[in-house]
Every structure is written in structure tokens, then in C-alpha cells.
Amino acid sequence: MTSALLFVAAILGGAIAALSGFGIGSVLTPLLALSVGTKPAVVAVSIPHLVATAIRFWNLRHKIDRHLLKNFGIASAAGGLMGAWLGSRFSSPILAYILGGLLVFAGFMGLTGLSKKMRFGKKIAWLGGALSGLLGGLVGNQGGVRSAAMLGFNLEAKTFVATATAIALIVDGTRMPIYFFSSPETVHRLAASIVIMVAGVTIGTLAGGRVLARIPENYFRKIVSLLIFALGIVMLTHVAK
Numbered sequence: 115m116t117s118a119l120l121f122v123a124a125i126l127g128g129a130i131a132a133l134s135g136f137g138i139g140s141v142l143t144p145l146l147a148l149s150v151g152t153k154p155a156v157v158a159v160s161i162p163h164l165v166a167t168a169i170r171f172w173n174l175r176h177k178i179d180r181h182l183l184k185n186f187g188i189a190s191a192a193g194g195l196m197g198a199w200l201g202s203r204f205s206s207p208i209l210a211y212i213l214g215g216l217l218v219f220a221g222f223m224g225l226t227g228l229s230k231k232m233r234f235g236k237k238i239a240w241l242g243g244a245l246s247g248l249l250g251g252l253v254g255n256q257g258g259v260r261s262a263a264m265l266g267f268n269l270e271a272k273t274f275v276a277t278a279t280a281i282a283l284i285v286d287g288t289r290m291p292i293y294f295f296s297s298p299e300t301v302h303r304l305a306a307s308i309v310i311m312v313a314g315v316t317i318g319t320l321a322g323g324r325v326l327a328r329i330p331e332n333y334f335r336k337i338v339s340l341l342i343f344a345l346g347i348v349m350l351t352h353v354a355k
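Shown next, in the form of C-alpha cells:
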């Protein structure tokens, strides 16, 4: 894998995440895994993921829906950790098929406007957070599932991304120590790739943030829904191979 390709992919992943609240892991992890393997790729990508998430959090910190973060966010983080723990012991391609199908369904509902008829009350946010976190943790893609679930809440664009980012920062903060203590040699061996990815996601995040500020609210949900739909298709295709 060339450094240029990884750098461009990192810029793309950072820009996508700035617009939707997810995307860095979905873009970079499978790409890097082609040359180093899945587990090392997950560890390496977690570092640029944390950097980009921290930048988004700082830029959008005043737009966070604190009530949703407290209920949906904490439950999502806890469910994600539990799902990741279970997924490391009980892996099955059926789970990936189920999640891929759910993402395609959520994306389709958003693109067609049918999701507007399905609104979740903030009183049951903790349930949606726990379930989305559990499913995402089981198959290793929490960001896409989290954003799909958050489409059920009536949030403006910046609040959507800001709250999703704050949740992601909680998840990153809990998993990073585990990665560093369990795989320090991976971080050292892939240091050059990590630096390239950090530079790329930083550029993409800053550029994507400017685009987010100019996207009309009625187009924002369509864009997020399209990204979720595409992620579901990619996941189903990957599992089928």
C-alpha cells in the first residue's frame, strides 16, 4: 500500500466523519487491513480516529445535546464495550449480515423520507443507545450503527454530529488504554502509517467541518442516510466474499 493512497483515504475518512459523525474506521480499517491484517489495522486506526474525533469535539462542543449524550451516549458506549467483548469470543458472519441489513434499511428509510414518521422520544434514548452500541460492538462498526439510530431523533446537523462525536470520544477514551497495553509493538511497527493517517484525517476533518456549516438541514439527513446505506451495502458485500 502506498503512503499516498493511505493519506488520501485518511483525508476522505476525516471529511466524511466531519459530515456524518462516522466514517474514519469504515474507510481506513479495511484499507490498512489489506497489508497488515485486521487486528493491527484496528489498533493503528484507533489513533487517527481519536485525533479527528477530538478535533471535531472541540469545534462543535457548544452544539452537543447534553440530555441525549447522557442517556443515549453513555448507554451506547457501555453497549459497545459489551458488544466488543462478546464479539471477540463469539464471532459469526450472521451478525454482520444482520447489521448490514439494518444499515441498508435505516439508510433507505432516511433517503425516502419514511424515517420522519419514526421518531424516538428522548425518554427511551438509553434503550436505543444500548442496542446500537451492542450491535456495533459485536461487528466492530459502532459509528455507522450509532448514526443510524440517531437519525430517529430530531436533531439539527451540527447537533447531530457534535453529539455523535462526543459519544465516539467516550468510546475512544475507554478503548485506547486497552490497545496500548495489549499491542504496543503494533503501534511502534506501524508508526509511519499512523503519522500519515493522523495528518490526513486532520486535514479532512477541518475541511469537512467547513462544508458541514454550509449544508442545508433538509439535505443533511439525506447525506447521512446515503452514507449509512452505502456502509450497509459494503458490509453485506464484504461478508458475502
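For the sequence shown, our numbering gives the first residue as 115, with consecutive numbering after it. The beta-carbon is built from N, C-alpha and C at its ideal position, and this holds for glycine as well. Model, not experiment: these values are computed from the prediction.
Only buried fits arginine 289, as 16 or more other CB atoms lie within 10 angstroms of its CB. For isoleucine 138, the closest of Leu182, Phe343, Leu120 by C-alpha to C-alpha distance is Leu120. In this model, alanine 263 and leucine 304 are separated by some 33 Å (Cα to Cα). Collapsing the DSSP output to three states places threonine 116 in coil. Contact between glycine 323 and asparagine 173 is confirmed by a C-beta separation of about 6 Å, below the 8 Å threshold. Runs of the alpha helix (DSSP H) spanning 4 or more residues and lying entirely within the stretch 246-324 occur at 256-264, 271-296, 298-303, in chain order. Excluding five sequence positions before and after alanine 271, the CB atoms of its chain that fall closer than 7 Å to its own CB belong to Leu326, Ile329, Glu331, Phe334, given in chain order. For isoleucine 337, the CB contacts under 8 Å within the same chain, skipping 5 residues up- and downstream, are Leu133, Ser134, Ile329 in chain order. Apart from the 5 residues on each side of it in sequence, valine 285 sits with its Cβ closer than 6 Å to the Cβ of Ala191, Gly194 in its chain, given in chain order. Straight through space, the alpha carbons of leucine 146 and alanine 220 are spaced by roughly 27 Å. Asparagine 173: member of the alpha helix (DSSP H) spanning 152-174, first to last residue. Alanine 155 is a Cβ neighbour of threonine 143, given a cutoff of 7 Å.
Check the Cα spacing between isoleucine 169 and each of Leu350, Ala276, Val150, Ser339: the tightest is with Ala276. A Cβ-Cβ distance of about 6 Å is found for the pair alanine 280 and phenylalanine 171, placing them in contact under the 8 Å criterion. The three-state secondary structure of arginine 180, taken from DSSP, is helix. In terms of CA proximity to leucine 269, Asp179 leads the group Gly227, Ala123, Asp179.
Its chain contains Lys336, Ser339, Leu340, Phe343 as the residues whose beta carbon lies nearer than 7 Å to that of leucine 225, once the 5 sequence neighbours on both sides are disregarded; these appear in chain order. Contact annotation: leucine 217 and glycine 346 have beta-carbon atoms nearer than 7 Å.
Comparing alpha carbon positions, the residue from Ala124, Thr116, Ala118, Ser117 closest to threonine 316 is Ala124.
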